[in-house]
Each structure stands twice: as C-alpha cells, then as structure tokens.
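Structure first, commentary second.
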C-alpha cells in the first residue's frame, strides 16, 4: 500500500511540472512583434517551442515551452 502512495506522489509532481511554462526570446523572429499570431507561428517552428506571444514595451517575441 505504501508503494502505491509513493507512485501517486510521483505522478502528482510530474503533472505539476508539466504545467510550468518557460519563456525565451525567439531566435528567429525579426523586428518588433505586434501580432501574437505571427510570433506564435514562428516559435512553433523553433525546436522545443509550443507557441509564443509578443511581450514588453519593446514588443519582443517570446517563445513558450514546457520547463
């Protein structure tokens, strides 16, 4: 029974980690970022990225990926 409880804890921890999203500046997007859809499209072509959005006063494209 104790072994089953341990497995549940591991699954719960893994599920929490899967929900964390990290951001990094796009390596391929050029210029100022005004449309999230454009940023998202460019980011999805970058390895490991799941999407992207425009952010900040300088309108930089940031890609998102699971941490």
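Numbering (UniProt numbering), first residue to last: 1 to 67. Note that the Cβ used here is the ideal one computed from N, Cα and C, for glycine as well. Computed from a prediction, not measured in an experiment: that's the story for all the values here.
Between residue 52 and residue 67, the C-beta spacing is not below 8 Å. In the DSSP assignment, residue 61 falls within the unbroken beta strand (DSSP E) covering 60-66. When DSSP reads this structure, residue 23 sits in a beta bridge with 64.
Bounds of the beta strand (DSSP E) holding residue 54 are 51-55. For residue 33, the secondary structure class from DSSP, reduced to helix, strand or coil, is coil.
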